[in-house]
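Residue numbers (the numbering used here): 2 to 341. Idealized CB from N, CA, C, for every residue including glycine. Please read all numbers here as calculations on a predicted model, not as lab measurements.
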C-alpha cells in the first residue's frame, strides 16, 4: 500500500495531552489557533468552572507559559463550541490572550461530544471533588455510552487510556447485551460506588437544572432528590419555586409525599406548599408520646412500686375522673332544663 495514501490516525492523547504536564508538546500536527471571540461554551455545560485560587493559579500559569494543552472544539455554524478547555479559555481571557491552540473535531455525535466533555473533566478533577449533579452527569454519560452499541469504541478506548481507568471501556462491555457486564456494577467499580448509588445518580441526572442546584446546595437531600426525579418537569419547577421562595428544605419524607400525591393525581401548588413547609406532616393525626413528670409520680407513688401497677392505678383514676365529669355535665344540663 502507498504510504502516502495512508490515513493519519490522530491519538486522543495528542489531542488532550496531560493537564499536569509542565512540558509543552512538540507535536503540533492537527492543531490550529482560534480567536477567543470565536469560541462558545458547550450548551448546558454541566460542570462548575474554576474560581478563587485555583482559577488565579491557572491565569498565572498561562501568563508565564501560555496555553500548553490545546482545547478541543467542534464547529457549530460560524462559531466553535468548546468540548474540552472551558477553564483554560476563561483563564486565557483573564491573562489577556486573544487566541488559543485548538483541535477541531468533526463528525461527532451528540453522545460522543458529551462524552468528551465529561471524561476530560474527570481527568482534571477527582470524582469525589465533583458536586452531586456533576457526578450524576459523568455516570449518566458513561452509562449511556456503555449501553449504546453504536458509540465509537475507539473514542472510548482513547479516553480510557488517558484517564487511566482500567476495565471500564474494555471490549467485554461492548458484547451483545446478554454477555455484557452489568453497567451499574462496572461503573460502580470505577468510581467506588455501590450499584444502588449508581442507580441514585442516574435518577439525579433526570432532575431539572434548578433542582440539581438545590441538591448541590444541600437544600434537598440526595435521596430526596431521587424521589423528586420521578415528578414531571412542571411539578419539579413548582417545587423549586416553593423552596426558593420560602427557603425551605426537602427531606426524604417530604419528597416521598410529593411523589405520592403526584401519582394519585392531586399534587397542586397548595398541596405542595403544605408538604414542603412541613404543615401536612404536622397534621397527619399521629399522637405524640406523652410522659408524666417524675415529680407527679413520686407525689402519689413510692419509687419502688411496680410500673404496671402504677399505670393501672392511673388508668382507674382517669376513668373515675372522666365519669364524674360526665355526670357533673349531665346534672348541669338537667338543672338548666328545670330552670327553663
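Close Cβ partners of residue i (< 6 Å) along its chain, the five nearest in sequence each way excluded
i	result
residue 27	Model confidence at residue 27 stands at a pLDDT of 39, short of 50, so the residue's coordinates are unreliable; what they give is reported in the following sentence. Counting only Cβ-Cβ distances below 6 Å, and skipping sequence neighbours, we find nothing.
residue 241	211, 212
residue 41	80, 82
residue 216	133, 226
residue 201	227
residue 339	Low confidence applies here, because residue 339 scores a pLDDT of 41, under 50, leaving its location unreliable; read the following figure in that light. Cβ within range, chain order: n/a, list empty.
residue 32	71, 102, 104
Classification of residue i by the beta-carbon crowding that lies within 10 angstroms, buried from 16 upward
i	result
residue 55	exposed
residue 206	buried
residue 34	exposed
residue 47	buried
residue 43	buried
residue 295	exposed
residue 141	buried
residue 251	buried
residue 127	exposed
residue 121	buried
residue 317	exposed
residue 312	exposed
residue 137	buried
residue 297	exposed
residue 51	buried
residue 321	exposed
residue 232	buried
residue 173	Caution applies to residue 173, whose pLDDT of 33 falls short of 50 and renders its modelled position unreliable; the value that the coordinates give is listed next. Per the 10 Å Cβ criterion, exposed.
residue 197	exposed
residue 49	exposed
residue 255	buried
residue 248	exposed
Rounded C-alpha distance that separates residue i from residue j
i	j	result
residue 325	residue 299	25 Å
residue 89	residue 112	23 Å
residue 103	residue 92	15 Å
residue 65	residue 124	23 Å
residue 71	residue 143	24 Å
residue 145	residue 261	29 Å
residue 225	residue 77	38 Å
residue 266	residue 194	35 Å
residue 57	residue 100	19 Å
residue 310	residue 271	49 Å
residue 62	residue 96	9 Å
residue 292	residue 315	13 Å
residue 114	residue 220	31 Å
residue 94	residue 275	48 Å
residue 36	residue 98	9 Å
residue 53	residue 59	10 Å
residue 106	residue 278	50 Å
residue 1	residue 323	Residue 1 cannot be examined here, being either before or after the span of the chain that is shown, 2 to 341.
residue 346	residue 45	There is simply no residue 346 to check, as the chain begins at 2 and stops at 341 in what is shown.
residue 129	residue 246	31 Å
residue 87	residue 67	15 Å
Opposing strand residues paired with residue i [DSSP bridges]
i	result
residue 102	34
residue 81	40, 76
Neighbour flag for residue i against chain C, beta carbons, 8 Å
i	result
residue 73	No chain C appears in the structure shown, which is made up of a single protein chain.
Chain-order list of residues whose beta-carbon lies under 7 Å from that of residue i (same chain, five-residue window excluded)
i	result
residue 109	75
residue 39	80, 81
residue 117	73, 84, 85
residue 204	227, 230
The ligand GDP heavy atom lying under 7 Å from the CB of residue i
i	result
residue 144	Of ligands this structure carries none, so the ligand GDP is not represented either.
Cβ neighbours of residue i in the same chain (closer than 8 Å, five flanking residues each side left out)
i	result
residue 236	259, 263, 268, 273
residue 209	234, 237, 238, 241
residue 214	134
residue 253	222, 224, 225, 228
residue 281	258, 272, 275
Which parts of the stretch 192 to 238 are runs of the alpha helix (DSSP H), unbroken and 4 residues or longer, counting only runs that do not cross its ends?
196 to 205, 210 to 217, 223 to 229
List, from N- to C-terminal side, the alpha helix (DSSP H) runs of 4 residues or more that fit wholly inside the stretch 246 to 272.
253 to 264
With a floor of 3 residues, list each beta strand (DSSP E) that falls wholly inside the stretch 103 to 141, ordered by position along the chain.
none
Run through the stretch 292 to 325 for me and flag every whole alpha helix (DSSP H) of 4 or more residues, listed as ranges in chain order.
295 to 301
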